[in-house]
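**Student:**
Protein chains: 2
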Amino acid sequence: MSQIVPVILCGGSGTRLWPRSRASKPKPFLPLIGEQTIFEATLARCAPFAAPVVVTGAAHLEHVEAQLGASEAAIIIEPQARNTAAAIALAALRLPGDAVMLVCPSDHHIGDPQAFADAARKAAALAQEGWLVSFGIEATGPETGYGYLKRGEALGDLGFRTARFVEKPDLERATAFLAEGGYDWNGGIFAFRAATFLEELEAHCPGVLGSVWAAVAAGREEGARFHPDASAFAGAEAISVDYAVMERTTHAALVPARMDWSDIGSWESLHMARKRDAQGNSVNGRAELVDCQGVLVESDGPRVSVIGLEGVVVVVDGDEVLVTSMDGAQKVGKLGGAANQ
Amino acid sequence: MSQIVPVILCGGSGTRLWPRSRASKPKPFLPLIGEQTIFEATLARCAPFAAPVVVTGAAHLEHVEAQLGASEAAIIIEPQARNTAAAIALAALRLPGDAVMLVCPSDHHIGDPQAFADAARKAAALAQEGWLVSFGIEATGPETGYGYLKRGEALGDLGFRTARFVEKPDLERATAFLAEGGYDWNGGIFAFRAATFLEELEAHCPGVLGSVWAAVAAGREEGARFHPDASAFAGAEAISVDYAVMERTTHAALVPARMDWSDIGSWESLHMARKRDAQGNSVNGRAELVDCQGVLVESDGPRVSVIGLEGVVVVVDGDEVLVTSMDGAQKVGKLGGAANQ
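In order, the protein sequences belong to chains A and B.
So the first sequence is residues 342 to 682, counted in the working numbering.
So the second sequence is residues 342 to 682, counted in the working numbering.
(1) On the three-state DSSP scale, how would you describe B:C445?
(2) In the DSSP output, which residue or residues are listed as bridge partners for B:Q634?
(3) Going by C-alpha to C-alpha distance, which of A:S646, A:S610, A:A577 and A:I530 sits closest to A:C387?
(4) Can you pull out the residues from the region 639–655 of chain A whose beta carbon lies closer than 8 Å to at least one beta carbon of chain B?
(5) How many Å lie between A:G576 and A:A559 at the Cα?
(6) At what residues does the beta strand (DSSP E) containing A:G500 begin and finish?
(7) Which value, in whole angstroms, describes the spacing of the CA atoms of B:Q671 and B:V662?
(8) Going residue by residue through the region 395–430 of chain A, where are the continuous beta strand (DSSP E) segments of at least 3 residues, counting only ones entirely within it?
(9) Whose C-alpha, out of A:R566, A:Q408, A:L358 and A:Y524, is nearest the C-alpha of A:T503?
(10) State yes or no: is the beta carbon of A:L358 nearer than 9 Å to at least one beta carbon in chain B?
(11) By the criterion of Cβ-Cβ separation under 9 Å, what are the contact partners of A:E661 in chain B?
(12) So which residues of chain B does A:S666 contact, with C-beta pairs closer than 8 Å?
(13) So the beta strand (DSSP E) A:A532 belongs to, where does it begin and stop?
(14) Where does B:Q682 sit, in a helix, a strand or coil, going by DSSP?
(15) At which residue ranges does the region 565–609 of chain B contain complete alpha helix (DSSP H) runs of 4 or more residues, listed in the order of the chain?
(16) Are the C-beta atoms of A:L676 and some chain B residue less than 9 Å apart?
(17) Please name the residue or residues paired with B:T665 in a DSSP beta bridge.
(18) A:R505: buried (16+ other C-beta within 10 angstroms of its C-beta) or exposed?
(19) Taking B:I345 as the reference, which of B:P393, B:T356, B:S581 and B:A432 has the closest Cα?
(20) Quick one: list the residues of chain B neighbouring A:A670, beta-carbon separation under 9 Å, in chain order.
(21) Leaving aside the five residues before and after A:A458 along the sequence, list all residues of the same chain whose C-beta is less than 6 Å from its C-beta, in chain order.
(22) Near A:T485, what residues of its chain come up, given a Cβ to Cβ distance below 8 Å and the 5 sequence neighbours on each side ignored?
(23) Indicate whether B:A579 and B:A422 have their beta-carbon atoms separated by less than 9 Å.
(24) Are the C-beta of B:D601 and some C-beta of chain A separated by less than 9 Å?
(25) Closest by CA to A:V557, which one among A:F476, A:R363 and A:A428?
(26) Could you tell me how far apart the beta carbons of B:L358 and B:K368 are, in whole angstroms, since I believe they sit closer than 8 Å?
(27) Name the two residues that bound the continuous alpha helix (DSSP H) containing B:S552.
(28) I'd like to know if B:V657 contacts chain A, where contact means its C-beta is closer than 9 Å to some C-beta of that chain.
(29) State yes or no: is the beta carbon of A:V549 nearer than 9 Å to at least one beta carbon in chain B?
(30) Are A:A460 and A:M600 close, meaning C-beta to C-beta below 9 Å?
(31) Quick check: is the beta carbon of A:V673 nearer than 9 Å to any beta carbon in chain C?
(32) For A:P347, report the span of its beta strand (DSSP E) as first-last.
(33) For B:T665, I'd like the list of residues in its chain whose CB is within less than 6 Å of its CB, leaving aside the five on either flank, ordered along the chain.
(34) Consider the Cβ of B:D448: report whether some Cβ of chain A lies at a distance smaller than 9 Å.
(35) In terms of residue numbering, what span does the beta strand (DSSP E) encompassing B:R561 cover?
(36) Looking at the unbroken alpha helix (DSSP H) that takes in A:L473, where does it start and where does it end?
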């Protein structure tokens, strides 16, 4: 079997966990759960496989290199952000055609790394057969923030054909999916052979492939770093891999992955992904809680005292303090300019 | 008519509005309501009367002198805190016997200074006749944290004899007082002639008078400052003026004062004393509120963003952040050592 090469996509603008995450230091590079940063944890659970390829922007290169530690990763520095199809194409063009790419966002939490590795091996086995495989995350509620994958025909005991991709549904449809069964969330984790991906990209989005190919051809090596050519790369359409390839190919498959996954897309989901005490509170930093339930505290220094509250998020970071209900945390964007700082 | 001399009692340990107030900078010296500090506002509403006497401890002398501004106050520095009977006796012994002392705590808010001045003049008129006068604060609820004054026989149109002093009652009694009517809260504001006070102290608490007299006799002048003798003053019993004199004298009177009073004894009462916006929020410092009602924010620097909360207090001061329900603010003392910092 060919090698499994983790391709870790690193970037993001860092608005949903503001003010802890900022544009200058987004979610992957913060120790939000446990001692490791989310990026470090991503590297750790990919350690059973080959040395990874990290695709990142210049803005985050410093964080990436500082947190890579002893990992012998190849780093591809995107001249600008052009969404996931182009980012994955960069990595695909730098890898042997028969390598199985294990594409991982760097800003997800996976509580059961063994289950991840098991699912990755199944996905790789399907990828060897020419499938483009999505990881199917167990749909635990009628979430409207995720795409859904409908399971089709079983592919041995490895996974399923993907019968249908569903863009973020409204609540009614999401509820119906749950009731009907056979739907998973699309977690943005994929496996496919590099050659398969490039063939499918050629078939469905030849413009992106052309631009990325030119950017790689005119690129520049610098030790472990690879710099694609900026002007060629700028020509690539900014399109997600879902739109560009996964939803168009006739070889889409999925592997159900039950691995305690969270995209940590909000303070509430971070809270649920964390260890909580008997009162459901989770604390990172100096804090003291009295008569509290379901409270999340995150402080980068000052001591936080919380009394008599339920379901409240308190975040202290630099010169910003955020205090919000769990629900309200979705409205961080309503704050004047806050999420852009 | 003799002069009315404000005697402003300055001190306090600064625990109930922690972490904004600290032992090193208690409530009177903070601009909690509007631009002025509570002490400055106290001075301002006493400005219609004679130059004040400020009784304070060495720990707060720096704040007192910095905030006195152009006021020609006499300052008496207590060698140690010995409660209000001794503090008032210090001032009484330094004043002409016929001066009317207008004793004011320095940590109360009075929203209607004109009503205060009117009540003070009535109280002074009664004091001239030999009465020891308490200001009767309108009892607006069955508060169990205050003493109550029961009105007796009317004294012309100036006030009433005090028929009874009631120590902090339980809720049942407080509710009964409200239903019965004729009760005011004891706000700790008094008026009496210096000579009258000293006679009554002699009659009811001669030990305190003896110690304070010795402390003044052996005291030391230093410009506007007067330093009573420490070892003599240490002998004075630490007893409140209520216990020592007001509850024992047969000449107790009260003047009803309707002056938008608050003792700012909690974050909730500070919130009620402040100007609030249409959603009932009050903010001091940089803050942005979204979907909030009845929220109080106090920040000494960092920007505070609050989303989707009701009846919550957020205080940022130095390296301490307090987030609490209005009720919970009473439990600041439950925090390990917090209130002592």
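For glycine and all other residues, C-beta sits at the position ideal for the given N, C-alpha and C.
**Tutor:** Result, derived from the coordinates:
(1) strand
(2) B:E651
(3) A:I530
(4) S640, G642, P643, R644, V645, S646, V647, I648, G649, L650, V653 and V655
(5) Distance between the alpha carbons of A:G576 and A:A559 is about 13 Å.
(6) Element bounds for A:G500: G500 to V507.
(7) 16 Å
(8) 415–419
(9) The residue with the shortest Cα to Cα distance from A:T503 is A:Y524.
(10) no
(11) P643, R644, V645 and S646
(12) I648, G649 and L650
(13) Y524 to R534
(14) Annotation note: pLDDT 45 at B:Q682 (below 50); position unreliable, coordinate value reported separately. Coil at B:Q682, not helix or strand.
(15) 571–575
(16) Yes, contact with chain B.
(17) A:I648 and B:V654
(18) Result: exposed.
(19) Ranking B:P393, B:T356, B:S581 and B:A432 by Cα distance to B:I345 puts B:P393 first.
(20) I648 and G649
(21) So the list reads P389, once near-sequence residues are dropped.
(22) K509, P510, D511, L512 and A515
(23) yes
(24) no
(25) A:A428
(26) 6 Å
(27) P547 to A558
(28) yes
(29) no
(30) yes
(31) Here chain C cannot be found, since the structure's protein chains are A and B.
(32) DSSP places A:P347 inside the beta strand (DSSP E), whose first and last residues are I345 to L350.
(33) V654
(34) With 9 Å as the cut-off, B:D448 does not count as an interface residue toward chain A.
(35) It spans R561 to E563 - the beta strand (DSSP E) in which B:R561 sits, taken as one unbroken run.
(36) From DSSP, A:L473 is part of no alpha helix (DSSP H) but of the beta strand (DSSP E) over L473 to E479.
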